[in-house]
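*Asks:* Under this note's numbering, the sequence shown has 50 at position 17, and the numbering climbs by one with no breaks.
C-beta atoms are modelled at their ideal positions from N, C-alpha and C, and glycine is treated no differently.
Given the structure is predicted, the values throughout are model-derived calculations rather than measurements.
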Amino acid sequence: MQYLEYMDFFVKEFSTNLYVAGVIPVMLESGDSVDQEMYKRAQEIYRKHLINNIVLKNARLKRYDGPGITIEKTKKGLLKQWD
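#1: Take V88 and list the residues in its own chain whose beta-carbon comes closer than 8 Å to its own, dropping the five residues that flank it on each side.
#2: Which two residues bound the contiguous beta strand (DSSP E) that contains V44?
#3: When the Cα of L83 is compared with those of G55, S63, D41 and T107, which residue comes out closest?
#4: By the three-class DSSP mapping on this structure, what secondary structure does V67 have?
#5: Within a Cβ cutoff of 6 Å, which residues of the same chain sit near D68, ignoring the five residues on either side of it in sequence?
#6: What are the partner residues of K106, as DSSP defines its beta bridges?
#7: Suppose you measure from the CA of Y71 to the CA of K109; what does that come to, to the nearest Å?
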């Protein structure tokens, strides 16, 4: 499940509205010129909505790109939530 699909699932599953508070820059490598350029472009596009803290490249986050975010249920049919 890709990110936007997950957000749609979240809204429907919990009967709620979802508001984006900000954009977090993630998976950046310090010193990488491409990442620095993309960050500058993000600053221009998102302006005050771009969070100042940068999450550098992380193996756990990188795994989400492959299969996406998975939705698992317990034996009782409840959502498994561990994050």
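*Replies:* Taking the definition as stated:
#1: Excluding residues within five positions, the ones whose Cβ falls inside 8 Å are I57, P58, V59, M60, L61 and L94.
#2: Residue range Y36 to E46 is occupied by the alpha helix (DSSP H) that includes V44, with no beta strand (DSSP E) assigned at that position.
#3: When each option's Cα is compared against that of L83, the closest is G55.
#4: In the three-state reduction of the DSSP assignment, V67 falls in the helix class, which pools H, G and I.
#5: These residues qualify, in order along the chain: L61 and E62.
#6: K106 is bridged by DSSP to L112.
#7: A small correction: the amino acid at residue 71 is Met; Tyr does not occupy that position in the sequence shown. In a straight line, the C-alpha of M71 is about 44 Å away from that of K109.
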